[in-house]
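Colleague: Residue numbers (my numbering), protein chains in the order written: chain A, 2 to 224; chain B, 2 to 224.
Idealized CB from N, CA, C, for every residue including glycine.
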DNA sequence: TAGATTGTTAATCGATTAACAATC
DNA sequence: TAGATTGTTAATCGATTAACAATC
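1. Here's a check: name, in chain order, each residue in its chain whose Cβ is nearer than 8 Å to the Cβ of residue 158 of chain A, leaving out the five neighbours to either side.
2. Taking a Cβ distance cut-off of 8 Å, strictly less, list which residues of the region 61 to 91 of chain A are near chain B, in chain order.
3. On the DSSP bridge list, what partners appear for residue 128 of chain A?
4. Where residue 19 of chain A and residue 201 of chain B are concerned, what is the direct C-alpha to C-alpha distance, given to the nearest angstrom?
5. Can you give me the Cβ contacts of residue 148 of chain B inside the same chain, cut-off strictly under 7 Å, excluding the 5 residues immediately before and after it?
6. Among A/52, A/73, A/54, A/84, which residue has its Cα nearest to the Cα of residue 67 of chain A?
7. Listed from N- to C-terminal order along the chain, which residues in the region 29 to 41 of chain B have their beta-carbon within a distance smaller than 9 Å of any beta-carbon of chain A?
8. Using a cut-off of 9 Å between C-beta atoms, extract the partners of residue 171 of chain A located in chain B.
9. So, helix, strand or coil for residue 200 of chain B, using DSSP?
10. Sort out for me which residues DSSP pairs residue 187 of chain A with in a bridge.
11. With residue 167 of chain A and residue 190 of chain A assumed to form a contact (beta carbons below 8 Å), what rounded beta-carbon distance in angstroms separates them?
12. Check this for me: beta carbons of residue 72 of chain B and residue 49 of chain B, under 9 Å apart or not?
13. Whole angstroms are fine: how far does the CA of residue 89 of chain A sit from the CA of residue 81 of chain B?
14. Would you mind stating whether residue 115 of chain B and residue 33 of chain A have Cβ atoms separated by less than 9 Å?
15. Residue 155 of chain B: buried (16+ other C-beta within 10 angstroms of its C-beta) or exposed?
16. Tell me where the beta strand (DSSP E) around residue 99 of chain A begins and ends.
17. Taking 9 Å as the cut-off, decide whether the C-beta atoms of residue 128 of chain B and residue 145 of chain B are in contact.
18. Using a Cβ-Cβ cut-off of less than 9 Å, list which residues of the region 208 to 223 of chain B approach chain A; keep chain order.
19. Round the Cβ separation of residue 37 of chain B and residue 63 of chain B to the nearest angstrom and send it over; I've been treating them as touching at under 8 Å.
20. Do residue 121 of chain B and residue 177 of chain B count as a contact pair if the criterion is CB distance below 9 Å?
21. Which residues in the same chain have their Cβ closer than 7 Å to the Cβ of residue 27 of chain B, if we skip the five residues on either side of it in sequence?
22. Cβ of residue 187 of chain A within 8 Å of any heavy atom in the ligand MG?
23. From this set, A/42, A/43, A/171, A/65, which residue's C-alpha is nearest residue 25 of chain A's C-alpha?
24. Per DSSP, residue 76 of chain A forms a beta bridge with which residues?
25. Please list the terminal residues of the continuous alpha helix (DSSP H) segment that includes residue 180 of chain B.
26. Please name the residue or residues paired with residue 89 of chain B in a DSSP beta bridge.
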C-alpha cells in the first residue's frame, strides 16, 4: 500500500535560513573586511569564529547554507568570501535609502559615514515640517512627507528608515508600505504592525541599554 | 551504595536566563506601557503576545523565569507587571550613562528623548577634541577623554555608549573597562574584544540594513 | 607525505509550543 | 457555576556542537 505516496515531502520553497544565521553573516563580512585591511589573504573558520566568539563549526555551518566557499586544507580566500557574502546579502550593489524624520536622530543618520562603504546611500529625506523641506542637508535633498510615494518611485527606493516620534511611526510605516518600500528600519520605540511583503527591523536604543542593566543587576559583582 | 552522594546536582549559580528572554522582557515592558497609556488595567499573555507576534505560551514561559506575576482567570495587572519587569531589568532606578564621542551620532544621542522615560540619563560626555570640551551640550557637561576615570568615579557611572570612529573604539572600550564601567553599548562598526565583567551590546546600523537587503533579495517578489 | 582545514552528518543541547490541572 | 487564564510539565522543534571522511 502507498508505494508511490510522497516519496519525499515537497521541499518548502527553500529551507528557510534562520535569522540568526543572516545576522552572523553580516558579522563575518565586517570581520573579513578588517582582515583584508590587515593584510590577510586567507582565513579559516577557526580564525573567523574566534574573532567573533563563535565556534569554527558554526562558521562553516552558517556558510554551508549558501554554498561551498572554502578550500580544504587552506581555508577561505578573504576577498573571494567577501564577494560571496555581499552577493548573498545583496550588498554587491548600492541601495538608495529613504529617511523619514529630520529630528536629532534623523540628521545624525544623514551624516553617518558607515553606510556608504557597506552599500547604502541615503537618497532622499522626508519631514512634515515645511521649514525643513526643500533644502539639502549633508547633500541629501529633503522633501515633504506628502511627496513620499512620488520620490520613492522616481528614485527606485526600496529601503527606508523611520526616525520620527513614536506616535507617528505606524502612520509613516503605512505610507512607506503603500509607496512600495520593501524593507523598513524603525528607530521609534513602538512595535509597528507589519505589512505583507515588507521586512522590518527595529532598533530601540533604550531597550539595548536595558539589556546592559539586566546584566549589571543580575550578574555577580566584579572580582 | 552512595545514599548521601549528590542528591541534587548543585544548581549552577542560577539557571541562566537566555539572552532572547531578556530582550523580549524589554518588549513586554514597552508594550505594557503603551497599554497603560491606552487605559488598560489588565492584560493577558494572549494579548501581550499577539501585540508582539509571540505565542501566549512564550509570554508566560518568559515571565516564569522570574516569578509568578499573573492571576489565573484574570491575567496580569499592567502597572503591577510593569513594576515587576522594571525591577528585573534594573530600570526601577535612573542610570547615569557616559557618552564617548561627540560626532554626528554622539550629539544625536545627547538629544535623544527616549532615554529618560526608560530610566537613563546621559550624565557626562567625552571627546578628544579640545574644541568640544568644557561646554555643555543639551545640558550635558563635556569632558576630555583623559578625565574619563575621574568623572566616572565621581558620578558613579556604570554604563557607557561608544560613538567614536571605528579605529578608536577598542581603545575607548579598554579605558571604559579600566574606569570601572560595567556595561557598554558600542555604535562603532567593529567587534570589541570583551573585558571580564563588562557586558557589551553592539549596534551596527549598516548591519541592520543588511538584514533588510537579504530579505528583499531572497524573498519572493511581492504579490 | 604529514598537517591543516573544509563540508557534512550525527549527536547534543536548548528553546518554543502544546496541553492541562489549578485557580479565580 | 461556567468561562477565562495562569503556571508548569511534557512534547516538539530547531539550532549548535562534535566528529570525521574528503581534500588540498
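Modeller: Well, looking at it:
1. Locating residue 158 of chain A in the first chain gives position 157, where the first residue counts as 1. If we look at residue 158 of chain A and ignore the five residues flanking it on each side, its Cβ neighbours are 97, 98, 99, 124, 125, 152, 182.
2. 89, 90, 91
3. Counting from one through the first chain, the residue named residue 128 of chain A turns up at place 127. Partner(s): A/145.
4. Residue mapping note: residue 19 of chain A aligns to position 18 of the first chain, counting from 1. Residue mapping note: residue 201 of chain B aligns to position 200 of the second chain, counting from 1. Roughly 23 Å separates the two Cα atoms.
5. Translated into the one-based positions of the second chain, residue 148 of chain B becomes position 147. Cβ neighbours of residue 148 of chain B beyond the five flanking positions: none.
6. Within the first chain, the letter at position 66 stands for residue 67 of chain A. Residue 67 of chain A has its Cα closest to that of A/84, out of A/52, A/73, A/54, A/84.
7. 30, 31, 32, 35
8. Position 170 of the first chain, counting from 1, holds the residue named residue 171 of chain A. Near residue 171 of chain A there are no residues of chain B at all, since even the closest Cβ is about 11 Å away, more than 9 Å.
9. As a first step, residue 200 of chain B must be located in the second chain, where it is residue number 199. Residue 200 of chain B falls in the strand class under three-state DSSP.
10. If you number the first chain from 1, residue 187 of chain A lands on position 186. Partner(s): A/163, A/203.
11. Sequence index remark: in the first chain, residue 167 of chain A carries index 166 (1-based). Sequence index remark: in the first chain, residue 190 of chain A carries index 189 (1-based). Confirmed, Cβ separation roughly 5 Å.
12. Along the second chain, read from residue 1 onward, the residue named residue 72 of chain B stands at position 71. Along the second chain, read from residue 1 onward, the residue named residue 49 of chain B stands at position 48. Not a contact, by the Cβ cut-off of 9 Å.
13. By 1-based counting over the second chain, the position of residue 81 of chain B is 80. By 1-based counting over the first chain, the position of residue 89 of chain A is 88. If you take the alpha carbons of residue 81 of chain B and residue 89 of chain A, they lie about 46 Å apart.
14. Here the question's residue 115 of chain B lines up with position 114 in the second chain. Here the question's residue 33 of chain A lines up with position 32 in the first chain. Going by C-beta atoms, residue 115 of chain B is not nearer than 9 Å to residue 33 of chain A.
15. The sequence position of residue 155 of chain B within the second chain is 154, counting from 1. Residue 155 of chain B is exposed by the Cβ-count criterion.
16. Here residue 99 of chain A refers to the residue found at position 98 of the first chain. Where residue 99 of chain A is concerned, the enclosing beta strand (DSSP E) stretches over 96 to 101.
17. On the second chain, position 127 is the one that residue 128 of chain B refers to. On the second chain, position 144 is the one that residue 145 of chain B refers to. For residue 128 of chain B and residue 145 of chain B, yes; Cβs fall inside 9 Å.
18. 208, 209, 210, 211, 212, 213, 214, 215, 216, 217, 218, 219, 220, 221, 222, 223
19. Here residue 37 of chain B corresponds to residue number 36 of the second chain, with the count starting at 1. Here residue 63 of chain B corresponds to residue number 62 of the second chain, with the count starting at 1. Between residue 63 of chain B and residue 37 of chain B the Cβ distance is about 19 Å, and since that is not below 8 Å, they are no contact.
20. As a working mapping, residue 177 of chain B is identified with position 176 in the second chain. As a working mapping, residue 121 of chain B is identified with position 120 in the second chain. For residue 177 of chain B and residue 121 of chain B, no; Cβs fall outside 9 Å.
21. For the purposes of this step, residue 27 of chain B is taken as residue 26 along the second chain, with counting starting at 1. The residues are 90.
22. As far as ligands go, the structure on display features none, and thus does not contain the ligand MG.
23. Within the first chain, residue 25 of chain A is the residue found at index 24, counting from 1. Per the Cα distances, A/65.
24. For the purposes of this step, residue 76 of chain A is taken as the residue at position 75 of the first chain. DSSP output for residue 76 of chain A lists A/72 as bridge partner(s).
25. Numbered from 1 along the second chain, position 179 holds the residue referred to as residue 180 of chain B. Premise fails: residue 180 of chain B is in no alpha helix (DSSP H) and is neither H nor E.
26. Counting from one through the second chain, the residue named residue 89 of chain B turns up at place 88. Answer by DSSP bridge pairing: none, since residue 89 of chain B is not bridged.
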